[in-house]
Amino acid sequence: CIDVIRAHDGFVSCMNDFIPFVNTSSYVFTRDMPMYSSLVSSPHNPRCSNSTASKRLVGIVTPNNIVEIQASVICSREHGLQVRVRSGGHDYEGLSYLCKTPFVIIDMRNLRSISIDIKQESAWVESGATLGELYYSIAQESQTHGFPAGVCPSVGVGGHFSGGGFGAMVRKYGLAADNVIDAYLVDAKGRFLDRESMGEDLFWAIRGGGGASFGVIVAWKIKLVRVPPKVTVFNVYKNMDQHTIDILRHWQHKAPKMKNELFIRVLIQYVHNNANPNISVQALFNSLFLGELKDLIPIMNETFPQLGLKEKDCLEMSWIESVLFLAGGLNKTTELLQSNKTDPYVSYFKAKSDFVTKPIPQHVFVRIREKFHQQKLIFMIMDPYGGRMSEISESHIPFPHRKGNLYNIQYLVKWDVNGVRASNEHIHWLRKLYKYMRPYVSKHPRSTYVNYRDLDIGTNPQANTSYLEAKVWGEKYFKGNFKRLAKVKSKVDPDNFFRNEQSIPLHQD
Ligand code: FDA
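According to the working numbering, the stretch in the sequence shown is residues 141 to 649, in order.
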């Protein structure tokens, strides 16, 4: 506590000296200030709320400009404090707001401006913006442009782009990070850099390698993609009986090979059904087609007749309306995607992920169905890859899960009771499911997606973790790209200032 108080005084006075003309109380919030508690309590996953960590929190900075970020980095460094950067705050393990030593949070909420250039088919978006705000801003300017990123509108651009970012246009246009063409960043020395001044190595690393290891990413320049004026969406719900398990067999073969315009994902979940207790585990086929209904039906009849898709299952709409549909908000208006109107995602949850390279045998789905009867707040989300994802090389950016991957699985368990026992029980159950799936998913390494962060796969034991120790978890996220990430890290942050439980370590030859 004494350390924190001492660090607090030193940090605030350093910030004052750095920017003497601005009252620090307008952007540095410490525990004696009224705004402090509302800023601390923004995490989306209360499982990660940690009262011990909050005792080590020296202050929250909400910068309004680049100089305030530079001052935060330099003053934290000078006073031996670590930094956590928070954009949308969705990190699955809370790494954007938890720390084991005294620290400062740089919260990007005030840096959320978006400027769209339809003529150049590009945009600059600041890291504090949400995906919903970005999609909405694009649609305000053009009904025939979009951006291929995640499906949840409240997710922050800062963390999402820096870890890859995929959504319903992944098969047509790849990841969000594949479509980043420039970025602004404040590095460990407090320097403000763009693509040219940071160099291609660092620019490579922040597109999928996780931003938190390399600096504070202020803004991203992105390439907009073309979408048709009308797209088609559908939701087809199936009771998870033997027939549906057979459809899943076909889905595994077909979904990654269909036309790139067609994305059909599957969500397996338990549903409570009073009317028919036999229908309790359900598979939802949830889809976006970048085209009109009249073109979709023949494609489905020819390539995936097993689903039995009918016209009445489908809806035509604009791309921006499809964003709401996929986020589960069909009856809402697109204005909801704007700042402060997006529903914050708040739930106790723990997730893990896998990549599938060979179709999973049918008996495994039968077993999964049985397991879902034991644990009712479990979700399995299967997102097909293929298409554009298979055309991009594994080393193009740090995200390596390309050709050969049929789909990604996210396993997610939720609970709504605030108790340690309950959370342990749920997490234990999820770990058992993950263990059960081992023979059926990618191997050597068993790959996983950094944006679905999972500390179970390994953590850095201390500040100067060796490269060899970190390889245990690093190669699961980044495969062969982990080594290059560590080399970039050694070059741009040799003192390992930007570090956390799963930050990229320095490389030792
Ligand atoms: P947060 O602010 O917590 O940051 C996450 C990480 O990035 C932290 O390590 C943080 O320090 C770092 N970081 C954030 N901003 C930074 C910056 N400006 N500079 C440097 N480092 C920075 N993913 C996906 O690919 N597709 C999807 O559809 C979804 N859907 C989805 C729904 C929901 C409800 C959740 C909770 C999550 C997802 N995700 C997802 C996962 C999501 O992409 C992932 O959690 C992102 O890292 C979240 O980014 P935020 O900025 O919101 O998080």
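Ideal placement from N, C-alpha and C gives every residue a C-beta, glycine not left out.
Contact belief for residue i with residue j at Cβ below 8 Å, rounded distance in angstroms
{"i": "residue 242", "j": "residue 144", "result": "5 Å"}
{"i": "residue 430", "j": "residue 616", "result": "That pair is no contact at about 32 Å."}
{"i": "residue 237", "j": "residue 228", "result": "Wrong, their Cβ atoms sit about 11 Å apart, outside the cutoff."}
{"i": "residue 323", "j": "residue 359", "result": "7 Å"}
{"i": "residue 246", "j": "residue 269", "result": "Their Cβ separation, rounded to whole angstroms, is 16 Å, which puts residue 246 and residue 269 out of contact at 8 Å."}
{"i": "residue 528", "j": "residue 314", "result": "5 Å"}
{"i": "residue 460", "j": "residue 443", "result": "In fact, because the Cβ distance is near 27 Å, the residues do not count as touching under 8 Å."}
{"i": "residue 610", "j": "residue 600", "result": "6 Å"}
{"i": "residue 258", "j": "residue 320", "result": "Contact flag wrong, Cβ pair sits at about 18 Å."}
{"i": "residue 373", "j": "residue 457", "result": "7 Å"}
{"i": "residue 489", "j": "residue 554", "result": "5 Å"}
{"i": "residue 632", "j": "residue 354", "result": "6 Å"}
{"i": "residue 295", "j": "residue 271", "result": "5 Å"}
{"i": "residue 307", "j": "residue 297", "result": "Not a contact, Cβ separation roughly 13 Å."}
{"i": "residue 202", "j": "residue 176", "result": "Not quite, the Cβ-Cβ distance comes to about 11 Å (not below 8 Å), so this is no contact."}
{"i": "residue 173", "j": "residue 164", "result": "Not a contact, Cβ separation roughly 11 Å."}
{"i": "residue 411", "j": "residue 422", "result": "5 Å"}
Closer than 7 Å: residue i CB and nearest the ligand FDA heavy atom
{"i": "residue 292", "result": "yes"}
{"i": "residue 306", "result": "yes"}
{"i": "residue 587", "result": "no"}
{"i": "residue 231", "result": "yes"}
{"i": "residue 591", "result": "yes"}
{"i": "residue 541", "result": "no"}
{"i": "residue 274", "result": "no"}
{"i": "residue 295", "result": "yes"}
{"i": "residue 302", "result": "yes"}
{"i": "residue 390", "result": "no"}
{"i": "residue 462", "result": "no"}
{"i": "residue 352", "result": "yes"}
{"i": "residue 342", "result": "no"}
{"i": "residue 650", "result": "Past the edges of the chain, shown from 141 to 649, lies residue 650, and the structure says nothing about it."}
{"i": "residue 357", "result": "yes"}
{"i": "residue 311", "result": "no"}
{"i": "residue 595", "result": "no"}
{"i": "residue 248", "result": "yes"}
{"i": "residue 225", "result": "yes"}
{"i": "residue 235", "result": "yes"}
{"i": "residue 228", "result": "yes"}
{"i": "residue 299", "result": "yes"}
{"i": "residue 184", "result": "yes"}
beta-carbon residue i near the ligand MG non-hydrogen atom, thresh 7 Å
{"i": "residue 628", "result": "Judged by which ligands are present, the ligand MG is missing from the structure shown, whose ligands are the ligand FDA."}
*Decide if the segment 297-316 is in contact with the segment 586-604; the criterion is three or more beta carbon pairs, one per stretch, under 8 Å apart.*
yes
*Minimum length 3: unbroken beta strand (DSSP E) runs contained in the segment 331-373*: 356-363
*asked:* For the pair the segment 198-207 and the segment 146-154, tell me if three or more CB-CB distances fall below 8 Å.
replied: yes
*Write down every uninterrupted run of the beta strand (DSSP E) in the segment 472-556 whose length is 3 residues or greater and which is fully enclosed by it, in chain order.*
488-496, 518-524, 547-555
*Let me know the beta strand (DSSP E) ranges lying completely inside the segment 173-222, each 3 residues or longer, listed in chain order.*
197-201
*Assess, as a yes-or-no matter, whether the segment 383-400 is touched by the segment 273-287 under the definition of 3 or more beta carbon pairs within less than 8 Å.*
no
*Do the segment 631-644 and the segment 595-609 make contact, defined as three or more Cβ pairs closer than 8 Å?*
yes
*Entirely enclosed beta strand (DSSP E) segments - the segment 271-330, minimum 3 residues*: 320-326
*Pairing CB atoms from the segment 449-469 with CB atoms from the segment 539-548, are three or more of them under 8 Å?*
no
*Are three or more beta carbon pairs between the segment 374-389 and the segment 330-348 nearer than 8 Å?*
no
_Counting beta carbon pairs with one atom in the segment 512-519 and one in the segment 271-283, are three or more of them shorter than 8 Å?_
no
*Please specify which runs of the beta strand (DSSP E), each continuous and at least 3 residues long, are wholly inside the segment 606-632, giving them in chain order.*
none
*So, do the segment 546-557 and the segment 490-497 have three or more beta carbon pairs nearer to each other than 8 Å?*
yes
*Could I get the ranges of all uninterrupted beta strand (DSSP E) runs contained in the segment 427-465, with 3 residues as the minimum, in chain order?*
454-457
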